[in-house]
């Protein structure tokens, strides 16, 4: 959920709650005040009637005054506390259609007081009731005002959230955008906008420091790899030259030659590893920039000729279906890529196996027979991951993958018996 | 042929010197740029073997010095830096070839011979060895005055062998020369054997003589 909508939700709920509670308090308070006022009126009325009775010593003829409904009921009770209470209040209304002589009673909320009075030794309960119609209007008004306030407040909040909040969080989204597109190999620093808000300033600073530290570490690591690889080349050259000199010695025995052969092989592997690592560093650093436009088909055909001896030796049947495909890339890297794919499909093939190569305008497919087991899809492109029987450097497919990502090609491996398939989507 | 080896790594320098010191080649060596510049100023060489990374400066300085003084020694650069930029820079400054470390001495010898031949081309374009005569322009081989047909790889191999005559050449060196980094060595050893068998047969038929001797599985020697 987005920050803004989360915030909106929270403010909405809180606003509603606050306004609801405020409305309730309002309502009860006003109700209380209105009742107090009514009670005062009723007391006054009661006093008037009591005074009248005390003065005249008989019950008044007309009991209703000013819309008050007064009743006197004889009682045997000697003592009744004066008390106020809510009662339904009947209002007579003229109604032509009504059966009851054109008069209809409507029930409205009312307020009453009752008290005990005695006339000539007889006790009566006197009740005086009054309509609460007036106070009902007040309550309605309060509800309308509250609702109006609620709508107004929500509107204001929505606008504030939309404009102020979005404006406030703009630097944050900018930082987020920059972080998303952060590329460790990119030499350009992060382009963060200036902001006056302290928190975002701190965030900006923290992000800049962190990214530069990460880049620095990465750069150091790359430089180290490159330097280490370079520094190793000279000692390897010394070993090779010494071996070349050593085998000139005619006094050496056969078993010594066998050992020298092993040293040759190990040295060769070391040198290959080194060259592969250097190549990876170069690809990662984007150091190979000799882009040219050429036909991929030509490269494949050329490599096919170079590998002819190998395929023939293993009795591998090579079938290709190649269309013209112009690409813009470093020819050097593309040759390495095709080379590695060929090497891979021959090395892991079986005797009298098959290789299919298919090139169209949007894809290049290398298929080869081999062990009837799918390789681990994620691991095969990792550095130094190789098959049990492989004596290679374990970097060939990593290099292929990196070359592909350099040009935004998508290299994928799938296995569908009996074919291992490497597919490059341009 | 007079050769100057400029290389600061003692082990490598000694190996090269030892390998190249055969009949007909005079080797001199030094390990710094300053010494190299004074040597080329004083003496005339046919070929110079130049390491780029020297303790007192880059080998490119020597190339500039040679160019400025109108000298036309053949120069082969050996460098640990396999960068295209360096290679182009070196070749633009007048170097004849560029070899990346590590390399086999046999490869170095073949390259030096090629440079030397190119420099001496004004006089001859045939390479003679014993009964073998190679027309380098037409890439034709005559043995005992009989024209023999060699495949491209066999022809390359023959030139390589002649450049390293009398030396044991390891299979690794041959494989690297013929295929470069492209294929794994283990695979290529079989093909070396096939190619050698074919060359041997063709030379035998024409010269009635076995030029190639196998050395304990480690390599071959051309006699």
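Chains as they are written, first to last, in my numbering: chain F, 9 to 434; chain E, 45 to 267.
Quick reminder that beta carbons are idealized off the backbone N, C-alpha and C, glycines included.
Residue i at chain F interface by Cβ criterion, 9 Å
i: residue 112/E; result: no
i: residue 104/E; result: no
i: residue 144/E; result: yes
i: residue 234/E; result: yes
i: residue 89/E; result: no
i: residue 125/E; result: yes
i: residue 217/E; result: yes
i: residue 82/E; result: no
i: residue 256/E; result: no
Test item: CB-CB of residue i and residue j under 9 Å
i: residue 107/E; j: residue 142/E; result: no
i: residue 176/E; j: residue 251/E; result: yes
i: residue 127/F; j: residue 65/F; result: yes
i: residue 147/F; j: residue 38/F; result: yes
i: residue 138/F; j: residue 97/F; result: yes
i: residue 178/E; j: residue 218/E; result: no
i: residue 225/E; j: residue 391/F; result: no
i: residue 302/F; j: residue 331/F; result: no
i: residue 317/F; j: residue 235/E; result: yes
i: residue 353/F; j: residue 376/F; result: yes
i: residue 124/F; j: residue 85/F; result: yes
i: residue 136/F; j: residue 53/F; result: yes
i: residue 209/E; j: residue 267/E; result: yes
i: residue 71/E; j: residue 47/E; result: yes
i: residue 418/F; j: residue 433/F; result: yes
i: residue 95/E; j: residue 52/E; result: yes
i: residue 288/F; j: residue 410/F; result: yes
i: residue 422/F; j: residue 385/F; result: yes
i: residue 192/E; j: residue 257/E; result: no
Min CB distance residue i to chain E below 9 Å
i: residue 273/F; result: yes
i: residue 225/F; result: no
i: residue 266/F; result: yes
i: residue 314/F; result: yes
i: residue 408/F; result: no
i: residue 317/F; result: yes
i: residue 306/F; result: no
i: residue 253/F; result: yes
i: residue 509/F; result: Because residue 509/F is not part of the residues shown, which for chain F are 9 to 434, the question remains open.
Cross-chain neighbours of residue i in chain F, by beta carbon under 8 Å
i: residue 211/E; result: 256
i: residue 225/E; result: 280 and 283
i: residue 128/E; result: 296, 298 and 340
i: residue 53/E; result: 242, 245 and 246
7 Å Cβ cut-off: residues of chain E touching residue i
i: residue 249/F; result: 56, 59, 60 and 149
Contact list for residue i against chain E, beta-carbon separation under 8 Å
i: residue 325/F; result: What residue 325/F touches in chain E: nothing, since even the nearest Cβ is about 18 Å away.
i: residue 191/F; result: Near residue 191/F there are no residues of chain E at all, since even the closest Cβ is about 23 Å away, more than 8 Å.
Residue i: contacting residues in chain E (beta-carbon distance under 9 Å)
i: residue 321/F; result: 231, 234, 235 and 238
Interface partners of residue i on chain F, CB under 9 Å
i: residue 261/E; result: 262, 265, 266 and 269
So if I threshold CB-CB distances at 8 Å, which residues from the stretch 148-165 of chain E count as touching chain F? Close to chain F, meaning a Cβ-Cβ distance shorter than 8 Å, are the following residues of the stretch 148-165 of chain E: 148, 149 and 150.
Identify every run of the beta strand (DSSP E) within the stretch 155-216 of chain E, keeping only runs that are complete inside it and at least 3 residues long; order them along the chain. The qualifying runs are 170-173, 176-179, 184-187, 190-192 and 212-214.
Completely contained beta strand (DSSP E) runs for the stretch 370-403 of chain F, where each covers 3 or more residues: Note on the stretch 370-403 of chain F: whole beta strand (DSSP E) runs with a minimum of 3 residues are 371-376, in chain order.
Taking any Cβ of chain E, which residues in the stretch 228-246 of chain F have a Cβ under 7 Å from it, in chain order? Those would be 238, 241, 242, 244, 245 and 246, in chain order.
Listed in chain order, which residues of the stretch 60-76 of chain E have Cβ atoms closer than 9 Å to some Cβ of chain F? Within the stretch 60-76 of chain E, the qualifying residues are 60, 62 and 63.
Return the chain-ordered ranges of every beta strand (DSSP E) run that is complete within the stretch 111-163 of chain F and spans a minimum of 3 residues. Listed in chain order, the complete beta strand (DSSP E) runs (minimum 3 residues) inside the stretch 111-163 of chain F are 111-127 and 130-139.
Which residues, in order along the stretch 362-392 of chain F, keep a beta-carbon less than 8 Å from a beta-carbon of chain A? Here the protein chains are F and E, and chain A is not one of them.
Determine which residues of the stretch 181-215 of chain E have a Cβ less than 7 Å from any Cβ of chain F, and write them out in chain order. Only those residues of the stretch 181-215 of chain E whose C-beta falls short of 7 Å from the nearest C-beta of chain F are listed: 211, 212 and 214.
Would you mind listing the alpha helix (DSSP H) stretches within the stretch 166-237 of chain F that are 4+ residues and don't spill past its ends, in chain order? As for any alpha helix (DSSP H) of minimum length 4 sitting wholly inside the stretch 166-237 of chain F, the runs are 174-188, ordered along the chain.
3-residue-minimum beta strand (DSSP E) runs that sit fully inside the stretch 45-116 of chain E, ordered along the chain: Qualifying beta strand (DSSP E) stretches, in chain order: 46-50, 70-74 and 91-95.
Contained beta strand (DSSP E) runs [length at least 3] in the stretch 271-332 of chain F, N- to C-terminal order: Along the stretch 271-332 of chain F, the beta strand (DSSP E) occurs as fully enclosed runs of 3 or more residues at 299-303 and 325-330, listed in sequence order.
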